[in-house]
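In what follows, a single structure is set out as C-alpha cells and then discussed.
The structure is reproduced here in C-alpha cells:
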C-alpha cells in the first residue's frame, strides 16, 4: 500500500504541472486575443510562455507538498488513541 502512495506522489506533480501549464497558456492566449480585438495587436511572446511554465512548476510542487502534508496529518490523527467513552 505504501508503494502506491509513493507512486501517486510522483505522478501528482506531473499532472498538476500539465494542468497549470494549460491553464496559464490558455489564460494568456485569451488575454492576447482580447488585446488583438481591443487595440489591434496580438501581444504574445515566448517570454510569457516561459514565465507561465515556471509558475506551473512552482504551483505543481506546492500542490504536491500540500497533499503530502495533509496526508501525513491524517495518518497521524488516525494513529491517535480513540477518545474514551464519556459515559463511564
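In the working numbering, the protein residues as written are 28 to 115. Think of the CB as a built atom: it goes at the ideal place given N, C-alpha and C, for glycine as much as any other residue. Treat the numbers as computed from the prediction; the structure is a model and nothing was measured.
Presumed contact (8 Å Cβ cut-off) between residue i and residue j, rounded CB distance
i	j	result
residue 95	residue 36	6 Å
residue 48	residue 80	6 Å
residue 105	residue 43	That pair is no contact at about 25 Å.
residue 76	residue 52	7 Å
Terminal residues of the alpha helix (DSSP H) in which residue i lies
i	result
residue 95	73-106
Counted within 10 angstroms of its Cβ, other Cβ atoms place residue i as buried (16 or more) or exposed
i	result
residue 67	exposed
residue 70	exposed
residue 97	exposed
residue 83	buried
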